[in-house]
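In the numbering used here, the protein residues as written are 11 to 890. Positions of the beta carbon are idealized from the N, C-alpha and C atoms, including for glycine. Keep in mind the model is a prediction, meaning the values are calculated, not measured. Take a look at the structure below.
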RNA sequence: GGGAGUUUAGCUCAGCUGGGAGAGCGUCUGCCUUACAAGCAGGAUGUCACAGGUUCGAGCCCUGUAACUCCCACCA
């Protein structure tokens, strides 16, 4: 947009988006200046995607966050991003491992810890760079610092501090428990990392012989291979059928081990056969039963879910091969009673989809009950609120029923657990600093090989990034943070853990608001995923339609927390909106010979100027109120309507005569008003569509360097012109009615007609005469107070406060006209009946608010007045 | 089994504390009107899932029903 007379006719974002972004960066506008006189606004943002590919969900996160940040920055807040986390360490490691295995035929164990971590680190750097470059494309004003993606010194310090503190308080403990084990990732998973899927399986009914030869017990199982680890069979103590069985000994098929029959409340008499095989090392319930009855725990699988030496002849087989072999062998021995189809819930790893194996294992756990209490209170008493509110219920539900959190992972990439075991005396020492000798006996120690769940360190993000545990200026000033923006799919993983961690370690809720958005789905409502191949690349959309169009699409048309479907048609509509803005600006610039941006004297303002300023002012109010309520979509649609309908379709058309007529004394005023309204509207829109607004604002007369560091408009009482607004509405209503009549009669716009306006509000319509000529195809508009000199055959249009006559006699079909008038009459009578029905209702008049009653009365008057005119017209028509 | 959500125009969805049903896309009619055909003007299309209730008044609040979606949950 260098030369204002040579601006391209269509909006072409590729011409300016990169240039503008680079300018923002070089001028340093992203850096929030730490000015303690201003209020801080801190936003915590979700982790960047480990794959290095910006996906649509991430684009949505970025857009919403950037809208809030830009808005607050323009309002003078000291805005700070807290970007990214080191989450996804596991996913990164798994990707690297897969690559090593496939391309180089080696494993992490072949490489050794040091070399392997270097490989992961290279990978993270590469993807870190890529994702940052991609984020620039959507205009994200986050001051990205790649190092913050990583497990930097500060973060490590915070993690150790937290671990040791929790350990010393007894809130972290080590223990053997049944955990979810992913045989593909070869690591433990927390409960939240397991996804449950309904799977079709089988129910195998198997005979376990009684040792004394008195018969069999029939049990049913969905996992026959766990039979190898059985150490008992349980029945319900109340079950009459099996009363005599309790205490007897069974022979475990295929294995030959002698196992007891025990009685335990856990068994449901009415499910299956009423007898349950107990495998304490491979099932959480059985584990509990086993503890109660002091049963041996026999773990029959290796880490990769192959059968171990306890499995005898099945050793080395994969769990599913072993299942087949065992079933076959049971069948051969006549111990398989029957096989039923049975669908059941199976846990799968949320990263790789492998069916998880419940396995007994020694792991580190966080005791959750004491931590959950303050986290529940924080939301209950409103220190942290969810938007929309309903997500607090989901959060509460989880918090109140939370189980202990398994935090150790059998991986190498991550924060290593700061626990040291003495090789001499076996003492476990947890320490903030690395130690080499046992504090108890002075023997050599070795550190725990495992690392922490990445969510453990991510949970500290709001304060660890600000320097905690040190008492830094930043922590003091920016913490607690203002808003966390994230999708509802991450509430359990991250949000809840940040809250309880913050409560425990800082005593404060980490953020004031949690702004939850939905998922972006494809046009058929499916989750976008790589395996379905239905993912839409945001970068391709940006390239084709521009970042502003994508941002508009993502920010509009859906309510907070609801999923949205991504339609390319919606992006096109957004692009069309950008094009509309582009052309309105082009029009403005082409008609500008002023060089400053100021509001003209009120006395110079014409009716339409006051009207647009008043409407603009209302828009400022609506937009700011809605953003403050996190109703970004509503705010944006306020702007859309104002820009397209009000500013472009009406105001620009209304002022054209003044702009084109160089003799017109109010032409300059129109230029000032156009400039003022347009540039301020660009400011209102800037958080949503940063590029196009910057480009336009730079070309309009302005003060300051960049729209992004200009002040956001505020509601101004002096710009409220309610009387002019109503006057313009009368005129506009009349214009619309005339257009409507002409369209009905198929009168081409080229056929002009004299327009006679009969009204008792002559002052209003007198001001609007020129608008009728320009916008309603009048050859000449005449305002008069009675019907003198009007052909009875003229086309008439009845509107509030006026009756309009168009002498288009030759086009009038008397019959049709009468029909139309009758229809009009019927409609008005209907309205009057409705209004009178209300006003005659004693309940309504006595109980409804006065404002509503007055409005109804005013409508009644208006309709009756219009009906009178219609009736008079019918009468005169019939006389012809 | 527990919890949450959804049901409004042909499609995708808004509709914020109850006060005459909206947008975009699509569709139909007429326009190349000197900012924009990625446009302008005008039109059509809804038992607001169903049944009750509260209220002067219900798309909105309450109760129940149905269908769909999602989350959580150790029934072998």
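{"Check": "By the 10 Å Cβ neighbour count, where 16 or more other Cβ atoms means buried, how is residue 357 classified, buried or exposed?", "Outcome": "buried"}
{"Check": "With a 10 Å radius around its C-beta and 16 neighbouring C-beta atoms as the bar for buried, classify residue 149 as buried or exposed.", "Outcome": "buried"}
{"Check": "I'd like the span of the alpha helix (DSSP H) that includes residue 912, first residue to last.", "Outcome": "The question about residue 912 has no answer here: the residues shown for the chain are numbered 11 through 890."}
{"Check": "Contact between the stretch 369 to 380 and the stretch 408 to 424 is defined here as three or more beta-carbon pairs at a separation below 8 Å; is this criterion met?", "Outcome": "yes"}
{"Check": "Is it a yes or a no for the stretch 388 to 396 touching the stretch 419 to 428, going by three-plus beta-carbon pairs under 8 Å?", "Outcome": "no"}
{"Check": "Here's a check: name, in chain order, each residue in its chain whose Cβ is nearer than 6 Å to the Cβ of residue 792, leaving out the five neighbours to either side.", "Outcome": "766"}
{"Check": "Are residue 613 and residue 730 close, meaning C-beta to C-beta below 7 Å?", "Outcome": "no"}
{"Check": "Reducing DSSP to helix, strand and coil, say where residue 690 ends up.", "Outcome": "helix"}
{"Check": "Whole beta strand (DSSP E) runs in the stretch 173 to 218 with 3 or more residues, listed along the chain?", "Outcome": "182 to 192, 197 to 199"}
{"Check": "What are the start and end residues of each continuous beta strand (DSSP E) run of 3 or more residues lying completely inside the stretch 696 to 782, in chain order?", "Outcome": "763 to 769"}
{"Check": "What residue ranges within the stretch 49 to 114 form continuous beta strand (DSSP E) runs of no fewer than 3 residues, ordered along the chain?", "Outcome": "50 to 54, 88 to 92"}
{"Check": "Considering only residues of the stretch 407 to 482, which uninterrupted beta strand (DSSP E) runs meet the minimum length of 3 residues and lie entirely inside it, listed in chain order?", "Outcome": "429 to 432, 438 to 440, 455 to 457"}
{"Check": "Can you tell me whether DSSP reads residue 497 as helix, strand or coil?", "Outcome": "strand"}
{"Check": "When burial is assigned at 16 or more other CB atoms within 10 Å of the CB, is residue 396 buried or exposed?", "Outcome": "buried"}
{"Check": "My assumption, with CB atoms under 8 Å, is that residue 454 sits in contact with residue 433. Please give the rounded CB distance.", "Outcome": "5 Å"}
{"Check": "Identify the continuous beta strand (DSSP E) that holds residue 284 and give its terminal residues.", "Outcome": "Careful: residue 284 lies outside any beta strand (DSSP E) and carries neither H nor E."}
{"Check": "Report the residue from 696, 85, 877, 754 whose alpha carbon sits nearest the alpha carbon of residue 724.", "Outcome": "85"}
{"Check": "Starting from residue 227, follow its DSSP beta bridges and name the residues at the other end.", "Outcome": "218"}
{"Check": "Does DSSP classify residue 574 as helix, strand or coil?", "Outcome": "strand"}
{"Check": "Closer than 6 Å by C-beta to residue 329: which residues in its own chain qualify, once you throw out the five before and the five after it? Chain order, please.", "Outcome": "235, 315"}
{"Check": "Would you give the residue range spanned by the alpha helix (DSSP H) that residue 516 belongs to?", "Outcome": "506 to 516"}
{"Check": "Once DSSP output is grouped into helix, strand and coil, what is the label at residue 607?", "Outcome": "coil"}
{"Check": "Under the three-state reduction of DSSP, which class applies to residue 640: helix, strand or coil?", "Outcome": "coil"}
{"Check": "Would you decide whether residue 789 is buried or exposed? Buried here means 16 or more other CB atoms lie within 10 Å of its CB.", "Outcome": "exposed"}
{"Check": "With DSSP as the reference, label residue 246 as helix, strand or coil.", "Outcome": "coil"}
{"Check": "To the nearest angstrom, report how far apart residue 249 and residue 219 are at their CA atoms.", "Outcome": "20 Å"}
{"Check": "So, under 8 Å CB-CB, residue 863 and residue 855 are touching, yes? Tell me the CB distance rounded to an integer number of Å.", "Outcome": "6 Å"}
{"Check": "Distance check for residue 172 and residue 460, CA to CA, integer angstroms please.", "Outcome": "17 Å"}
{"Check": "What does the alpha-carbon distance come out to for the pair residue 743 and residue 486?", "Outcome": "57 Å"}
{"Check": "Between the Cα of residue 68 and those of 80, 79, 167, 55, spot the shortest distance and give me the residue it belongs to.", "Outcome": "55"}
{"Check": "Beta-carbon separation of residue 51 and residue 82 under 7 Å?", "Outcome": "yes"}
{"Check": "Short check: CB of residue 682 to CB of residue 610, under 7 Å?", "Outcome": "yes"}
{"Check": "Go ahead and label residue 890 buried or exposed: buried means 16 or more other beta carbons lie within 10 angstroms of its beta carbon, across all protein chains shown.", "Outcome": "exposed"}
{"Check": "The alpha helix (DSSP H) with residue 146 in it runs from where to where?", "Outcome": "123 to 147"}
{"Check": "Between residue 599 and residue 712, how many whole angstroms is the CB-CB distance? I'm expecting something under 8 Å.", "Outcome": "That belief does not hold up - the Cβ atoms of residue 599 and residue 712 are roughly 12 Å apart, past 8 Å."}
{"Check": "Terminal residues of the continuous alpha helix (DSSP H) containing residue 34?", "Outcome": "27 to 37"}
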